[in-house]
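Undergrad: Before I ask anything, let me first share the structure, which is written out below as structure tokens.
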Amino acid sequence: MNMKRILVAGYLGALLASTVMTPVSAEVLRVMQGQASGVLNVPMNRAVVVESEVPFAELSIANPGIADISTLSDTSIYVLGKAPGRTTLTLLSPDGQLISNVDVQVTPDVAEFKERLQQILPGEQIEVRTANDGIVLSGQVSSTAKLDRALDLASRYAPDRVSNLMVVGGTQQVMLKVRFAEMNRSVGKALGSTLQVTGTGSDASGSIRLGGGVDGSPTGSLGLNFGIGDFAFDLALEALETKGMVRTLAEPNLTALSGQEARFLAGGEYPIPVSQEEGTITVEYKPFGVELNFIPVVVDGDIINLTINAAVSSIDNNVIVEADGITLTGFKRRETSTTVEMRDGQSFAIAGLLQDDFNDTASQVPWIGDVPILGALFRSSAYQRSQSELVIIVTPHLVTPVSGEALALPTDRVRIPTERELFLFGDVAKSPGGAAGEVARQDFSTSYGYVME
């Protein structure tokens with residue numbers, strides 16, 4: 068018997084100690100007869116106690132789906148929040164008189180939500196409030212990724228009832244630098260020969276011409292004439308070599324707010340006639356030049372997500388189409404569309420093209436042109452090789468506005484010369500600088516080219 072008392076006392080002591088060490092917070096609303104009661108706030112899936120000043124005999128809840136009630140005694144009521152919403156608790160005395168109507172407001176359990184929010188996003192200044200049957204988030208977060216995480220967590224506690232008043236701090240403007248670099252190199256060589264034999268006799272005269280030169284192009288030629296008896300021989304060697312190099316470079320820069328689309332076009336519009344019904348012709352304009360469309364999204368810190376559409380186009384005079392008496396010109400267009408992710412200041416080669424075309428032809432006199440060594444006099448050969456390389460590189464930067472005095476234009480460092488400087492000294496610009504000055508200082512008299520491996 069004594070052992071049983073000791074065990075019971077020990078159990079009660081441990082229970083009391085645990086109760087003291089872990090305080091339990093509970094809301095208790097006291098209802099007094101003849102006075103208006105306040106609003107009873109009940110967290111969802113939690114319970115509070117309502118105490119009445121006078122004993123009640125009957126009670127009811129207007130919407131059992133929002134809150135559930137049970138009696139602890141004739142003066143105490145246990146209210147359990149089941150779903151977000153607002154309902155009314157009614158208390159009646161033993162003689163059927165109304166004691167009070169209590170407004171019960173069931174809200175999402177923001178206490179647990181706040182704990183989870185601090186665990187998942189520590190250090191973020193996010194304020195949590197309840198409004199009607201939803202959750203309102205306000206404050207400042209450091210990135211859009213953390214904003215999305217907070218909204219996703221809040222939607223689990225209040226589906227479709229989350230109001231977002233948060234703002235994203237830090238730099239949210241992105242400048243995109245795009246570099247288009249294209250090199251085209253072509254080499255062509257041709258070698259042809261012509262042998263002409265003429266003869267005269269007592270009764271007849273005639274000539275024979277064999278082989279073929281490089282027609283239609285300026286050539287370097289070597290001629291040799293000699294005669295044997297009544298025959299005269301004319302030998303001509305023709306050679307042609309062509310070289311060409313084209314360098315294309317464009318560097319558009321464009322700034323946009325995170326999540327917003329920006330467009331850039333430096334070029335023009337080419338008119339294209341379009342045939343309509345009843346034989347009428349309308350004109351549509353096709354843009355060409357350097358085009359850039361992109362949408363930046365600052366994901367987290369200095370990580371930037373880019374959706375890019377970049378293109379360089381130009382009029383190609385080598386492609387001409389005639390239709391209904393109208394001459395149309397073709398276009399060259401290099402375009403890329405992609406989505407990449409990188410940090411501030413990093414670069415990505417989002418597109419590249421290496422192309423090598425080779426074409427050779429030979430024309431000769433049948434059979435004779437196949438004779439070794441000597442057949443070269445009756446044969447014309449040519450080959451054409453073209454190489455091209457295209458690279459598109461993008462570099463994003465997080466930027467902030469500066470004062471107007473800190474920005475300079477390329478024309479700011481170029482001064483218009485006076486009449487004396489222009490006519491006497493031939494100066495077209497004084498103190499060149501910037502882009503104009505760079506072009507003015509370049510020397511285009513030397514060789515240009517590049518090597519492809």
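Under this note's numbering, the residues of the sequence shown are numbered 68 to 520, in order.
C-beta atoms are modelled at their ideal positions from N, C-alpha and C, and glycine is treated no differently.
Using a C-beta cutoff of 9 Å, does Q451 count as contacting chain D?
TA: Here chain D cannot be found, since the structure has a single protein chain.
Undergrad: What runs of the beta strand (DSSP E), each 3 residues or longer, lie entirely inside the region 369 to 443?
TA: Fully enclosed beta strand (DSSP E) runs of 3 or longer: 370 to 390, 393 to 410 and 415 to 431.
Undergrad: Under 9 Å between the Cβ atoms of D367 and K213?
TA: Yes. Within cutoff.
Undergrad: Does G346 come out as helix, strand or coil in the three-state DSSP assignment?
TA: In this structure, G346 counts as helix in the three-state DSSP scheme.
Undergrad: Confirm, please, whether the CB-CB distance from Y450 to G255 is below 9 Å.
TA: Taking 9 Å as the Cβ cut-off, G255 and Y450 qualify as a contacting pair.
Undergrad: Going by other Cβ atoms of all chains shown within 10 Å of its Cβ, with 16 needed for buried, is V91 buried or exposed?
TA: Residue confidence is low: V91 scores 33 on pLDDT, short of 50, so the model does not pin down where it sits. No coordinate-derived value is stated.
Undergrad: Using a Cβ distance threshold of 8 Å, determine whether the region 474 to 491 contacts the region 431 to 443, with at least three qualifying pairs required.
TA: No: the two stretches stay apart, fewer than three of their Cβ pairs being nearer than 8 Å.
Undergrad: Compute the distance between the beta-carbons of E318 and K399, then report whether it is under 9 Å.
TA: No, the Cβ-Cβ distance between E318 and K399 is not below 9 Å.
Undergrad: Between the alpha carbons of V432 and S448, how many angstroms are there, rounded?
TA: Their Cα atoms are separated by approximately 12 Å.
Undergrad: Please state whether the Cβ-Cβ distance between V208 and V234 is less than 9 Å.
TA: Yes, the Cβ-Cβ distance between V208 and V234 is below 9 Å.
Undergrad: Answer with buried or exposed for Q239, where buried requires no fewer than 16 other C-beta atoms within 10 angstroms of its C-beta.
TA: It counts as buried.
Undergrad: Taking the beta carbon of L474 as the centre, do at least 16 other beta carbons fall within 10 Å, making it buried, or is it exposed?
TA: With fewer than 16 Cβ atoms within 10 Å of its Cβ, L474 is classed as exposed.
Undergrad: Considering only DSSP beta bridges, list what A257 is partnered with.
TA: A257 pairs with L307 and A449.
Undergrad: Are three or more beta carbon pairs between the region 114 to 123 and the region 141 to 158 nearer than 8 Å?
TA: Yes: at least three Cβ pairs fall under 8 Å.
Undergrad: Hey, would you say S325 sits closer than 9 Å to V195, going by beta carbons?
TA: For S325 and V195, no; Cβs fall outside 9 Å.
Undergrad: Please state whether the Cβ-Cβ distance between N376 and F361 is less than 9 Å.
TA: Cβ atoms of N376 and F361: closer than 9 Å.
Undergrad: Looking at C-beta atoms only, is the number of pairs between the region 197 to 208 and the region 156 to 168 that lie closer than 8 Å three or more?
TA: Result no; under three Cβ-Cβ pairs closer than 8 Å.
Undergrad: Roughly how many angstroms lie between the CA atoms of Y352 and N251, to the nearest whole one?
TA: Looking at the two C-alpha atoms, the distance is approximately 28 Å.
Undergrad: If you reduce the DSSP assignment to three classes, tell me which class D367 lands in.
TA: In the structure shown, D367 sits in a strand (DSSP, three-state: E or B).
Undergrad: Which same chain residues, not among the five before or five after G397, have their C-beta less than 6 Å away from its C-beta?
TA: D383 and V386.
Undergrad: Out of A496, Q422 and V466, state which residue places its alpha-carbon closest to the alpha-carbon of S253.
TA: Out of A496, Q422 and V466, Q422 has the C-alpha closest to the C-alpha of S253.
Undergrad: Mapping DSSP to helix, strand and coil, what is Q185?
TA: Helix, per DSSP.
Undergrad: Taking only the alpha-carbon atoms, compute the straight-line gap between R246 and F331 and give it to the nearest angstrom.
TA: Spanning the two alpha carbons is a distance of roughly 14 Å.
Undergrad: So for S137, helix, strand or coil by DSSP?
TA: Here S137 sits in strand by DSSP.
Undergrad: Over the uninterrupted alpha helix (DSSP H) stretch that includes A217, give me the two end residues.
TA: From DSSP, the alpha helix (DSSP H) with A217 extends over T211 to Y224.
Undergrad: Taking C-beta to C-beta, are V173 and T155 nearer than 9 Å?
TA: No, Cβ-Cβ distance for V173 and T155 is not below 9 Å.
Undergrad: Beta-carbon within less than 7 Å of A378's beta-carbon, same chain only, minus the 5 sequence neighbours each way: which residues are those?
TA: Taken in chain order, the residues that qualify are E358, R400, R401 and E402.
Undergrad: Does the Cβ of F355 have 16 or more other Cβ atoms within 10 Å, making it buried, or fewer, making it exposed?
TA: F355 comes out buried.
Undergrad: Taking 8 Å as the limit between beta carbons, can you name the residues of its chain near T467, skipping five residues before and five after?
TA: For T467, where only same-chain residues beyond five positions count, the Cβ hits under 8 Å are T238 and Q240.
Undergrad: Can the beta-carbon of L107 be found closer than 9 Å to that of V171?
TA: Yes.
Undergrad: On the criterion of 16 or more Cβ atoms from any shown chain inside 10 Å, does V388 qualify as buried, or is it exposed?
TA: So V388 counts as exposed.
Undergrad: Based on the DSSP secondary-structure assignment, which residues constitute the bridge partners of K353?
TA: Partner(s): Y337.
Undergrad: For N372, count the other beta carbons within 10 Å of its own beta carbon; 16 or more makes it buried, fewer makes it exposed. Which is it?
TA: The residue in question, N372, is buried, as its Cβ has 16 or more Cβ neighbours within 10 Å.
Undergrad: Round the Cβ separation of F415 and I460 to the nearest angstrom and send it over; I've been treating them as touching at under 8 Å.
TA: Between I460 and F415 the Cβ distance is about 7 Å, and since that is below 8 Å, they are a contact.
Undergrad: Which value, in whole angstroms, describes the spacing of the CA atoms of Q454 and P363?
TA: Cα-Cα distance, rounded: 35 Å.
Undergrad: Taking R196 as part of the beta strand (DSSP E), name the residues at either end of that continuous run.
TA: R196 -> beta strand (DSSP E) spans Q192 to A198.
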